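Taking it in order: structure first as structure tokens, then the write-up.
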């Protein structure tokens, strides 16, 4: 964005018309010095000279225009706009056109692209052949379109991110609910499992007891059978002895 600076001779003519001779001389001298400083990029010093000139001729639109230019270079865009607004009071169409052009630049720097476009359009109404104003107008239009696309893309990205975030939260919630349900089921099953374990243990103990009892009974039966056999053997032996004695009958001798 190139800022417009009015020629010095235009300022001199305006000062001569709008002010008495002595005041014009004083304002002209300060403006001339300010322009020289501005050309050498000494914007602080140039601004001081322009402001001094305004003290001599506070109603001069052209001096306000110069003040606006110095403030613009100092990146004080809101203050520059105020000075340019006062410069629009000029009756000179060329001054008005160049002021609108610079207003467009200021608004662009402030990020006010739609307002900047309006200012360039106004400048082109006053001077349809201004190539720089045409270029800046198209440039800002493209920039505005790009920004609109970027904002749209950002909104879509944000919407997508928000959707992903919501999905993640829902999935996490479902997982937590599933985990809690599983834990609850496990806790619910724990007493049953313990009861089942106790039953199994009791069954094993009962089986072991029955087995031991069976073994004990088998051992006792074996002992009873053995004892019975022993008793039978004793009875048999006794019977044999008794039979043996009965076979020997003593006969008394006949003395």
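Residue numbers (the numbering used here): 111 to 365.
Heads up, the beta-carbon is just placed ideally off N, CA and C, and yes, glycines get one too.
Since we're looking at a predicted model, the values are computed, not measured.
Query: Residue burial classification, residue 341 (beta-carbon count within 10 angstroms, cutoff 16); Result: exposed
Query: 6 Å Cβ shell around residue 361 - same chain, five flanking residues per side excluded; Result: Its pLDDT being 42, under 50, residue 361 is placed unreliably in this model, and the value from its coordinates should be taken loosely. There are no such residues.
Query: C-alpha gap between residue 346 and residue 337, whole angstroms; Result: 14 Å
Query: First through last residue of the alpha helix (DSSP H) which encompasses residue 224; Result: 223–236
Query: Per-residue burial, residue 213 [other beta carbons within 10 Å of its own, 16 or more giving buried]; Result: buried
Query: Selected residue, minimal CA-CA separation from residue 191, among 202, 226, 167, 164; Result: 226
Query: Per-residue DSSP class, three states only, for residue 202; Result: coil
Query: Contacts around residue 247, its chain only, beta-carbon distance under 6 Å, and the 5 residues preceding and following it disregarded; Result: 230
Query: Close-in-space but distant-in-sequence residues of the same chain around residue 203 (CB under 6 Å, 5 per side omitted); Result: 236
Query: CB of residue 208 within 8 Å of CB of residue 198, strictly; Result: no
Query: Whole-angstrom distance between residue 228 and residue 238, CA atom to CA atom; Result: 14 Å
Query: From 253, 245, 244, 210, residue whose alpha carbon lies closest to that of residue 223; Result: 253
Query: Euclidean distance between Cα positions of residue 310 and residue 276; Result: 49 Å
Query: Which listed residue (144, 170, 278) has its alpha carbon closest to that of residue 181; Result: 144
Query: Residue 363, DSSP secondary structure in three states; Result: Low confidence applies here, because residue 363 scores a pLDDT of 45, under 50, leaving its location unreliable; read the following figure in that light. Of the three classes helix, strand and coil, the one that applies to residue 363 here is coil, per DSSP.
Query: Selected residue, minimal CA-CA separation from residue 201, among 193, 170, 147; Result: 170
Query: Alpha-carbon spacing of residue 267 relative to residue 261, whole angstroms; Result: 10 Å
Query: Spatial neighbours of residue 153 in its chain, beta-carbon cut-off 6 Å, leaving aside the 5 residues before and after; Result: 180, 183, 184
Query: Cβ-based neighbour list, residue 129, same chain, cut-off 8 Å, excluding 5 preceding and 5 following; Result: At residue 129, the pLDDT of 43 sits below 50, so the modelled position is not reliable; the number obtained from the coordinates is stated separately. These residues qualify, in order along the chain: 137, 166, 167, 170.
Query: Residue 219 and residue 234 closer than 8 Å at C-beta; Result: no
Query: C-alpha distance - residue 319 paired with residue 308, whole-angstrom precision; Result: 16 Å
Query: Buried or exposed (CB count within 10 angstroms, at least 16 for buried), residue 288; Result: exposed
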